[in-house]
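These notes concern the structure reproduced below.
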Amino acid sequence: MIKRTILYLLIAVAVSSCENDIQAVMEFDSKKAATENGVDIITIFSQGGKVNAKLMAPSMERSLDKPSYVAFKNGLKVFMYNDTLGLESTLSAKHGKYLEDEGDVFLSDSVIVINKKGERLDTKELNWDPKRKIFYSTQEVFIKTPTDSLHGWGLEANEDFSQKKILKVSGPITVQDSTAALN
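Each step along the sequence shown adds one to the number in full-length UniProt numbering, with nothing skipped, and position 35 is 35.
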């Protein structure tokens with residue numbers, strides 16, 4: 001009889017100790033439900049039936065909380081194409097974040113852009129403003145062309161990096177002799 005009473009008492013204690021705080025469970029579920037994760041990401045961007053870009057990333061996290069965003073914490077690589085699917089430029093970074101409501105993109109840590117002319121941009125941070133259709137940075141930038149190397153702080157460039165402007169140039173700049181073509 002004593003053994004049976006002790007057994008019932010232990011079962012009652014065990015069952016009552018397993019109670020969860022409903023508020024804590026709801027908070028945990030809402031945080032968990034507000035995030036989507038993916039691995040081995042490949043995304044094709046198109047507009048008007050034409051492919052513009054292809055994004056590849058080992059992982060992605062999408063937050064559904066406001067402001068909603070998509071984060072690439074383990075790097076990403078983007079291939080940008082022209083109207084005939086010719087490769088215009090490639091972009092890579094160790095981290096990226098896309099703000100879904102605004103459409104803005106923020107890239108950081110070892111950002112590299114190489115265009116079809118073989119020009120290479122290296123910077124710690126690069127942003128894309130889709131409304132103005134430009135890339136920009138306020139950080140230190142290095143641009144290497146087949147004939148020159150440029151260094152400075154701040155950058156504005158069009159979407160295919162065919163036109164770019166360093167805001168504060170530093171170091172020597174090589175200028176071609178315009179009269180050489182006349183001789």
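Heads up, the beta-carbon is just placed ideally off N, CA and C, and yes, glycines get one too.
Could you work out which residue in the options is closest to residue i when comparing CA atoms only?
i	options	result
K66	D104, L99, P146	L99
Y69	E156, V51, V105	V105
L55	M80, G38, G48	M80
A53	N82, G75, E102	N82
F45	V78, D109, R62	V78
T138	E125, D148, L150	E125
K73	N37, L64, G49	N37
S163	H151, G152, F135, V141	The sequence shown places Gln at residue 163, rather than the Ser named in the question. If we check each option's Cα against that of Q163, F135 comes out closest.
P130	A157, S110, S92, T145	A157
V51	P58, A57, T43	T43
W128	G49, D40, E102	E102
According to DSSP, simplified to helix, strand and coil, what is residue i?
i	result
N74	coil
K94	coil
Q139	strand
Q163	coil
N52	strand
G103	coil
residue 199	What is shown of the chain runs 1 to 183, which leaves residue 199 out entirely.
P67	coil
D83	coil
R132	coil
D40	strand
E119	coil
T147	coil
A34	coil
Would you call residue i buried or exposed, if buried means 16 or more other Cβ atoms sit within 10 Å of its Cβ?
i	result
E88	buried
T84	exposed
E119	buried
V15	Residue placement at V15 is poorly supported in this model, since its pLDDT is 49, which falls under 50; the coordinates still yield a value, given next. Exposed, because fewer than 16 other Cβ atoms sit within 10 Å of the Cβ of V15.
G86	exposed
G96	buried
A57	buried
L91	buried
Can you find the residues in the same chain that come closer than 6 Å, C-beta to C-beta, to residue i, ignoring five residues on each side of it along the sequence?
i	result
L167	G154
G75	K94
G161	Before going further, note that residue 161 is Phe rather than Gly in the sequence given. S89, V113, N115.
E159	K133
L64	A34
Can you find a CB in chain D that lies within less than 8 Å of the CB of residue i?
i	result
E156	Among the protein chains of the structure shown there is no chain D, as only one such chain exists.
Suppose the cutoff is 8 Å on Cβ atoms and the five residues either side in sequence are ignored; what does the same chain contact list for residue i look like?
i	result
E140	T123, K124, H151, G152, W153
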